[in-house]
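The block underneath contains the structure these notes are about, expressed in structure tokens.
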Amino acid sequence: MLIVRTIPELRQALSAYHRPAFVPTMGNLHEGHLSLVRQAKPLGDVTVVSIFVNRLQFLPHEDFDSYPRTWEADCDKLRATGCDIVFAPRESDMYPEPQTFKVHPDPRLADILEGQFRPGFFTGVCTVVMKLFLAVFFGQRAGVAVFGQKDYQQLMVIRQMVRQFALPIEVHAGQTCRAEDGLALSSRNHYLSPAERAEAKALAAALRQLAERWCAARAAGALDAAALEQDALDALRARGWQPDYLTVRRRSDLQPATAADAPGTLVALGAARLGSTRLIDNLEF
Ligand code: PAF
Numbered sequence: 004m005l006i007v008r009t010i011p012e013l014r015q016a017l018s019a020y021h022r023p024a025f026v027p028t029m030g031n032l033h034e035g036h037l038s039l040v041r042q043a044k045p046l047g048d049v050t051v052v053s054i055f056v057n058r059l060q061f062l063p064h065e066d067f068d069s070y071p072r073t074w075e076a077d078c079d080k081l082r083a084t085g086c087d088i089v090f091a092p093r094e095s096d097m098y099p100e101p102q103t104f105k106v107h108p109d110p111r112l113a114d115i116l117e118g119q120f121r122p123g124f125f126t127g128v129c130t131v132v133m134k135l136f137l138a139v140f141f142g143q144r145a146g147v148a149v150f151g152q153k154d155y156q157q158l159m160v161i162r163q164m165v166r167q168f169a170l171p172i173e174v175h176a177g178q179t180c181r182a183e184d185g186l187a188l189s190s191r192n193h194y195l196s197p198a199e200r201a202e203a204k205a206l207a208a209a210l211r212q213l214a215e216r217w218c219a220a221r222a223a224g225a226l227d228a229a230a231l232e233q234d235a236l237d238a239l240r241a242r243g244w245q246p247d248y249l250t251v252r253r254r255s256d257l258q259p260a261t262a263a264d265a266p267g268t269l270v271a272l273g274a275a276r277l278g279s280t281r282l283i284d285n286l287e288f
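Here our numbering is used: the sequence shown runs in plain steps of one and ends on residue 288.
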């Protein structure tokens, strides 16, 4: 497994290949990331994983400094998973001067849900992902990038960016990996105390219940989506959570779902803080 730090080194290493399969990450790799790497491997002729904690997508009060950095363990896991090239730029490689050119996604998709609670988040994500894509795919005819479905809105924003810029990249979605109790795997799960970890499964359960109640109310011709969402927020609050949102949206554009939208086209999305840890999850139904 080759480790490279700079964009020219990466391009040089990739010049021998035709179709990179790429998995961008911020490191602290867990089974969820490794399943994306396993999914990527057969899709290209070289598998590239980036590890870069991107300052641009963190708000000043967020966890950029404390975000877990586990370089040696990450490399061991990637080696064992059959990754060919790790691209791990230093901040000075990625942003040698302040990144004043940015990619601003469509506010209708990027300023709702996560973007409402983390303003500028998707501009930071799109800017670094575009830069990573240019580093990996520039000079290539085509390639594949794999993103986890746990970051549902991120996946949609990246798909729209790839489409609108006509990037020659197929975007694949990796299914969310879950612990036995249903908690979606996330690097931020490490922040949870043992008691919080035991409680954390309640977010996935709340989304499941919201989806079930939404379907039942629609079938009964008595859908009051706002009331159902409010009940779900109240129930989580009663368990000690501070939810940002729990909501049913159309998969196509993440706008609020109505009774005209049939199950099979919907997604329940949620974000909530447990203690100081903010968790997100989603469930298609
Ligand atoms: O999903 C992530 O880990 C990050 O948002 C990404 C896509 C690696 C960009 O920094």
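For each residue, glycine too, the CB sits at the ideal point set by N, CA and C.
DSSP places Gln143 outside both helix and strand once states are collapsed to three, so it counts as coil.
Ranked by how close their Cα comes to the Cα of Leu286, the residues Ser279, Ala148, Gly267 and Gly278 have Gly267 in first place. DSSP, read as helix, strand or coil, puts Asp234 in helix. According to the DSSP assignment, Gly177 belongs to no alpha helix (DSSP H) but to the beta strand (DSSP E) extending over Ile172 to Gly177. Apart from sequence neighbours up to five positions away, the residues of its chain that approach Leu158 with a beta-carbon distance below 8 Å are Phe150, Gly151, Gln152, Val174 and Ala176, ordered along the chain. Residue range Ile10 to Leu17 is occupied by the alpha helix (DSSP H) that includes Ile10. Straight through space, the alpha carbons of Pro27 and Ala148 are spaced by roughly 8 Å. Here the alpha carbon of Phe140 sits roughly 35 Å from the alpha carbon of Pro259. For Leu210, the enclosing alpha helix (DSSP H) begins and ends at Ala205 to Ala222. Excluding five sequence positions before and after Phe124, the CB atoms of its chain that fall closer than 7 Å to its own CB belong to Gln60, Glu117 and Gly118, given in chain order. With at least 16 other beta carbons inside 10 angstroms of its own, Arg252 counts as buried. With contacts defined by Cβ atoms closer than 8 Å, Ala207 and Asp284 form a contacting pair. Contact between the region 88-102 and the region 51-70 is present: 3 or more CB-CB pairs across the two stretches fall below 8 Å. Among the bridge pairs identified by DSSP, Glu287 is matched with Val270. For Tyr98, there is no enclosing beta strand (DSSP E), as DSSP marks it with neither H nor E. Residue environment for Gly142: exposed (fewer than 16 other C-beta atoms within 10 angstroms of its C-beta).
Closest option to Val131, judged by alpha-carbon separation, among Ala145, His107, Arg121 and Arg144: His107.
When secondary structure is reduced to three states using DSSP, Thr280 falls in the strand class.
Within the DSSP bridge table, the entry for Phe150 names Ala176 as partners. The beta carbons of Asn31 and Thr84 sit no closer together than 8 Å. In this structure, the straight-line span from the alpha carbon of Lys105 to that of Leu170 is close to 17 Å.
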